[in-house]
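First the structure, in the form of structure tokens, and then the observations on it.
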Amino acid sequence: MEVITNDGIQVGTETNSFEHRRSPVWQEYIPILPAQSKDGKLRANCKHCKNTNLIAESRYGTTNVKNHLEKCKAYQHTLSPKGKSVFNQNTYRELVAKAIIKHGYPFSWVEHEGNRDIHEFLCDDVKTICRNTAKADCLKLYLSLKDQLKDTLSNLPGRICLTSDLWTSCQTEGYLCLTAHFVDANWKLTSLVLNFCHMEHHSGKEIYILLLKLIREWGIENKVFSLTLDNASSNDKAQDYLKATLNGWGCLLNEGTFFHVRCAAHVLNLVVKDGLKVINHAVVKIRESVKHVKASEGKKIHFRSAVEQAGLKETKALWLDVPTRWNSTYLMLDRALIYRDAFNKLNLVDKAYIYCPDYFEWEMVEKIRDVLGPFNDITELFSGSDYPTANFYFKNVWRIAMLLKELVRVQSHDEVLRKMAMDMQKKFDKYWADSDEDNYGTLFGFAMVLDPRCKLHFLKYCYKKLFDDEMKARAKVHDVQYKMEMLLREYKNYNTSTSSSPSSDAENNAEIGARSQTLKRKFTFCEDYDRNEVDTSCEKSKLSIYLGDDRVDRRTNLDILKYWKQNEGRYGELAHMARDILSVPITTVASESTFSIGGRLLNKWRTSYIPENVEALITTRSWLYGYRPIEEDEFFGSDVDWTTFQEASS
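Just so you know, the UniProt record's numbering puts 266 at position 266 of the sequence shown, and the rest follows in order with no gaps.
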């Protein structure tokens, strides 16, 4: 007897196909005859969820069908008259481990009496666990996910961009965070924390040794494209060592010319902090004013009275800045200006308040607040937890350059603002204009060209505005195009995904020798290359084809990764190059976001975690739930709504 199901699949009866099976598990399945299955094998559909298709031949045993029923919610509901699922101890332990990882609970949380009472009340069958079992379950989950991630990284079609930063816990223990950024096989931009390692010394050599060790453990030494670091001198030395080593193994493209990227958020922080020094006395007064108001309930009441006397209806909170973050200082100044009249009133009624800025200081703070507004917008873009593709960076660094240029020109009549602008421009030029190795600026120029709405046209416009010189702008654009062609040749000629790092000294020497000969031949060719004609071959390069195609309307809200995915067939190796370049992060904010998680995990009340467990908890949280910085945790502000005198968030 045969039966046709609703979806048109011809199945045999349970009696005919499964009658010889002894296990009662087959009673929960409907057989699909070999003639109707895709692979000619006897298969089975679950009677309850109707969406399984498992092999049912006797030689395969019953493991798969049993495992499905354990997970099948529709089946579990049939086991209880009330539709209540049967308790599964393994599932319970896995959920407990995930709760510890997600919320940062201590391992001892599972032994808390109240917690156990809740679990035992919800299910009589539960077997509560001890802290050691909870730790073992967390580590088991960590190792399982780590193996999966290793496999994912090894099979990536493109290269991996790394960011790294150092952090010191409240117990003065040093940690290094390594984060990977890449575009996956589905052309989705992904960011994952790879390691959160304890390290004793922060010298350049120690950082290099640890970074190299971690990269080799993950097996990605032949897939690295770039490394983004802040501007500490130890980081500069570490990347020099690392680049030399990876170059010796032949792992980097273009000899690592675009390997090192400076963190734009740190550079911008240095730029603006230099500018703020000209009004440091006023900034100090405002900072002390906010501290004064925050100091006690009585002082808050005095300030509330001053707010009412000034007739202010604002509900925004005051912020107390973190001096190492310039944008927190900007927010502090911006909020303080809202309550300028209230601070002036407070100066009259509270004799203990002695920090009120005078009229000229308030005026200067207001002018500088207005000047720094656009810089704050760019900082927020650079410091977002969901970082954008690299095509956004060039035009925003260019905006900074144009803002400083305009500031120096317009503020020539105001000595204070002019000095501020000149100090900021000097620091900007040190890192982004006068650098002997401005390769990261060129790299983000590549990303701008790879935006089909911009290409070379917008790049030329930016350089022309910046230099006020048509010929200089043309030369710069031509240089960018030439270097893109040179990088593209490596994508065309080398299979970057199959090379591997040597495992012994003998292999090292052989690999280095072979690579040096290849590079020698390549540079001989480059020296003879005609810079005035980038494409001298008979066959047009993919870059020439791309640049010759029509631009997309610049007003289009374009998903750039989707664009390159759709055009991968047409542009070939150029699309592969775009995949790597567009994934380069310009800041280390991913690592810093992880530090906020580390700060909640390693606090003054919890000092007994060993470094291996810290790494397991933090990285697993990233893999399961991502990372999201809690912005409020970064500012130790006086977050009081003065009109209602209730705690508020801005």
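For each residue, glycine too, the CB sits at the ideal point set by N, CA and C.
Source: prediction; values computed, not measured.
- Inclusion of VAL25 and PHE87 in the CB contact set at 8 Å is not warranted, their separation being larger than that value.
- Fewer than three Cβ pairs drawn from the region 558-571 and the region 476-484 lie within less than 8 Å of each other, which leaves the two stretches out of contact.
- Ranking ALA180, PHE303, LEU149 by CA distance to the CA of THR587 puts ALA180 first.
- LYS102 is a Cβ neighbour of TYR625, given a cutoff of 8 Å.
- Segment contact: the region 108-127 against the region 142-154, fewer than three CB-CB distances shorter than 8 Å; contact not assigned.
- Between LEU156 and LYS223, the C-beta spacing is below 8 Å.
- ALA134: member of the alpha helix (DSSP H) spanning 131-154, first to last residue.
- Its chain contains CYS46, HIS48, CYS49 as the residues whose beta carbon lies nearer than 7 Å to that of CYS72, once the 5 sequence neighbours on both sides are disregarded; these appear in chain order.
- Exclusion of the five residues before and after ASN254 leaves MET486, LEU487, GLU490 as the residues of its chain whose Cβ lies within less than 8 Å of its Cβ.
- In this structure, the straight-line span from the alpha carbon of ASP468 to that of TRP187 is close to 38 Å.
- Spanning the alpha carbons of VAL283 and GLU415 requires a straight line of approximately 18 Å.
- For ALA265, the enclosing alpha helix (DSSP H) has its first and last residue at 264-276.
- In this structure, ALA310 sits near ASP341, with a CB-CB distance shorter than 8 Å.
- In the three-state scheme derived from DSSP, where H, G and I count as helix and E and B as strand, ILE279 is classed as helix.
- Counting other Cβ atoms within 10 Å of its Cβ, TYR339 reaches 16 or more and is therefore classed as buried.
- By the neighbour-count definition (other C-beta atoms within 10 Å, threshold 16), ILE378 is a buried residue.
- Taking the Cα positions, TYR563 is about 29 Å away from LEU194.
- In the structure shown, HIS181 adopts extended strand secondary structure according to DSSP, grouped into three states.
- Exclusion of the five residues before and after ASN247 leaves GLU255, GLY256 as the residues of its chain whose Cβ lies within less than 7 Å of its Cβ.
- The criterion of a C-beta distance shorter than 8 Å is satisfied by VAL290 and MET332.
- Note on ARG554: under 16 other CB atoms within 10 angstroms of its CB, so exposed under the neighbour-count rule.
- In this structure, VAL410 keeps its C-beta atom at 8 Å or more from the C-beta atom of TRP432.
- For TYR355, the closest of ALA264, ILE286, VAL272 by C-alpha to C-alpha distance is ILE286.
- Beta-bridge analysis with DSSP links HIS198 to TYR175.
- According to DSSP, residue pairing for VAL397 in a beta bridge does not occur.
- LEU229 has its alpha-carbon roughly 42 Å from the corresponding atom of TYR359.
- Between the C-alpha atoms of VAL371 and HIS302 there is a straight-line separation of about 32 Å.
- In this structure, the beta-carbon distance from VAL584 to PHE225 falls below 8 Å.
- The alpha carbon of ASP423 has as its nearest neighbour, out of ILE30, ILE129, LYS277, the alpha carbon of LYS277.
- Using a 10 angstroms sphere on the CB of MET448, the tally of other CB atoms reaches 16 or more, which defines it as buried.
- Residue pairing from DSSP leaves TRP362 without any beta-bridge partner.
- Taking the Cα of LYS300 as reference, the smallest distance to any Cα among LEU561, ASP350, GLY275 is reached at ASP350.
- For the pair ILE368 and PRO357, the Cα-to-Cα distance works out to about 15 Å.
- Annotation for TYR609: no beta strand (DSSP E) segment contains it, and DSSP assigns it neither H nor E.
- When DSSP states are grouped into helix, strand and coil, PRO157 belongs to the coil group.
- LEU95 and LEU176 have their C-alpha atoms roughly 29 Å apart.
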